[in-house]
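Position one of the sequence shown corresponds to residue 817 (this note's numbering), numbered consecutively onward. Ideal placement from N, C-alpha and C gives every residue a C-beta, glycine not left out. Below is one structure; the comments refer to it alone.
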Amino acid sequence: MKFLNGRTYINKILCFLTFCLLVFSADFAFADETTYTLGGKDGWPTLQTMDGVTYAPGKYGWQSIVLDTNSRSIDDSTDMLVSFDGTNFIDETGNYTTVRNSLLPSSDSIMGSGAGLGLGSGGISFSGSEGALFSTSGVTGSFLIEFWLCPAIAESGEVVFSWRSSRTLANYPLYQTVRASFFNNKLRWDFTNIFSGYSKNDGTVTLNEFQPAVPGEWSHHSISYDEETGLLEYRINGKTEDLVYVTTNGKEHGGSIFPPVLGVAADVEFCTKFTGRIDDIRIQKTSHYDNAEDLRYDTYKKDGGRFVTDPIMVSSGATLDRVDALISEPSQTAVVMYVRASDNFFNWTEDEPAWIPVQNHEELKNVKGLYFQFAAELYPDGGGETSPQVTQVDLHFTEVPVPLPPFAIQAVAGDGSVTLTWSRSVDSTVGGYYVFYGERPGEYLGREAVQGYSPIDAGKTVSITLTGLKNGKIYYFAVASYSPENTSIMGSLSKEVYARPVKR
């Protein structure tokens, strides 16, 4: 009797533990947490969009996304662009060919990833093709020459820019030069015999830097000529240093303009006698910038940059719970993050589905789908000198677990029919069953059954008879469970069975 009571007691305990396990499973069956990591120690995946941003070493030495520098780019009026980003210094427009180069690559740049380092002699020279500004004889029209400069000494006689040629005037050669060189620690531009009819100062127009150059500091230099007004203007860091109206009266109005006329083609030379660094050389066939922001020469563009990931596939019914980002936001900078989700990304546009702003570490609600996408906007400080950093982004999901398939399945053939029966799945979260059928093993593409095309939704039943099948033909079957949360969330297939309908 004591033995029976003890056995009964043990059975009660086992039943109670089984009940607790079922309750525990029911409570947590829908709480599978998944973390998808972008960046970090494994680096960033290929991104769909990188606009105004680039990669740089960040926290812990990991690859981070930062704002790209405000480097010059090629447009319809660009005659030459040398960015120095790389070991081969070339004109990226293809208008000029590198003839000689003694500059060394330097990672200590102001724009982009590299600069050119001059050691006092040699420099770099380019030969222009037909149609390029400095290889085409005749009236040039408007032009602009610009570059970043960081002198090591700024000693008198150092030459930063040089073009030497000649043209014929009254059957006599007239030698021409355009030259930018240091004199008393200031950069001076000389245009000799460039402007047709201009005879003052032996035909030389000179523009001077106002303040002495500071060795070891970057500054932006640009010189432009406007064919409509005759204005030749020298700017440093966007501010006017010197200007001359190359007109008969030296004024904007009331005089005739002396047009620039170039002679035979000649090489364009930079830093032939210069010690220091040069970056982002650009020559334009225009005297104007696109907008006022171009005159500021901020290290980073005020409108910032943006990156967008490719669509990330998780699982049907998944919910994005939280975004944890490892970011650095120095004073006045900002990182603004967005997410969006849906079950099909093929019809996505730039704005649909709508982007949802998210705060770092805050809980999210109702962001669900099979596909997710993450985007971030980076903004510099007010002076355009400091960039924020995005080193790692963790997307935390709650995924609906896929239910287990039935363990046992049986197929019995009939006259033009097959009856399938299966055991209930041991998974308590099953919402129903899909029946797959077809004519080849592992290929469930059946379309003949009266009950419908494969797969057939059998609901919560554990038996179904498929009719309308052809006698003598063999059919293959498998059953899968689906989730009560979403019928598109389906588990793996059961073992395969087969049957051949026959007329009895």
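Continuous beta strand (DSSP E) stretch holding Gly910: start and end: For Gly910, there is no enclosing beta strand (DSSP E), as DSSP marks it with neither H nor E.
Delimiting residues of the beta strand (DSSP E) encompassing Asn987: Run containing Asn987: none; DSSP gives neither H nor E here.
In DSSP terms, what Ser943 is bridged to: DSSP lists Thr913 as partners of Ser943.
Endpoints, the beta strand (DSSP E) within which Tyr1329 is located: Here the chain covers residues 817 to 1320 and nothing more, so residue 1329 does not appear.
Reduced DSSP secondary structure (H/G/I, E/B, other) of Phe832: Unreliable positioning characterises Phe832 in this predicted model, as indicated by a pLDDT of 38, which lies under 50. The coordinate reading is nonetheless provided below. If DSSP states are grouped into helix, strand and coil, Phe832 belongs with the helices.
From Gly1092, Phe1123 and Trp979, residue whose alpha carbon lies closest to that of Thr870: For Thr870, the nearest C-alpha among the options comes from Phe1123.
Span separating the alpha-carbon of Asp1210 from that of Arg1138: When the Cα atoms are used, Asp1210 and Arg1138 turn out to be separated by approximately 8 angstroms.
Reduced DSSP category for Asn1024 - H, G, I as helix; E, B as strand; rest coil: Asn1024: strand per DSSP, three-state reduction.
Residue environment, Val1030, which counts as buried when at least 16 other CB atoms sit within 10 Å: When all chains shown are included, Val1030 counts as exposed.
Ranges of the alpha helix (DSSP H) found wholly within the region 1124-1177, counting only runs of at least 4: List check, alpha helix (DSSP H) in window: nothing returned.
Cβ separation of Val1021 and Gly1046, assumed to be a contact under 8 angstroms, to the nearest whole Å: So it is not a contact: roughly 11 angstroms between Cβ atoms.
Asp895 (DSSP reduced to helix, strand or coil): Assignment of Asp895 by DSSP, reduced to helix, strand and coil, places it in the strand class.
Pair within 7 angstroms by beta-carbon distance, Thr1207 and Thr1281: In this structure, Thr1207 lies away from Thr1281, with their beta-carbon atoms at least 7 angstroms apart.
Residues that Gly806 bridges to, as DSSP identifies them: Past the boundaries of the shown model lies residue 806; the chain is included only from 817 to 1320, so the question cannot be answered.
Counted within 10 angstroms of its Cβ, other Cβ atoms place Asn987 as buried (16 or more) or exposed: By the 10 Å Cβ count, Asn987 comes out exposed.
Bridge partner(s) assigned by DSSP for Cys966: Its beta-bridge partners are Arg1093.
7 angstroms Cβ cutoff met for Ser1132 and Asn1287: For Ser1132 and Asn1287, no; Cβs fall outside 7 angstroms.
Assumed close pair Val1116, Asn1053 - CB separation to whole angstroms, cut-off 8 angstroms: Note on residue identity: the sequence assigns Tyr, not Val, to residue 1116. About 15 angstroms; that fails the 8 angstroms criterion.
Rounded distance between the beta-carbons of Ala948 and Asn911, thought under 8 angstroms: Sure, about 4 angstroms apart at Cβ, within 8 angstroms.
Pick from Tyr991, Leu1003 and Ala1082 that is closest to Ala970, judged by C-alpha positions: Cα-wise, what sits closest to Ala970 is Leu1003.
Which of helix, strand or coil DSSP assigns to Lys857: Helix, per DSSP.
Inter-residue Cα distance where the pair is Ser1203 and Leu883: Their Cα atoms are separated by approximately 6 angstroms.
Minimum C-alpha distance to Ser953 - residue among Gly928, Ala931 and Thr984: Selected option, being the one with the closest Cα: Thr984.
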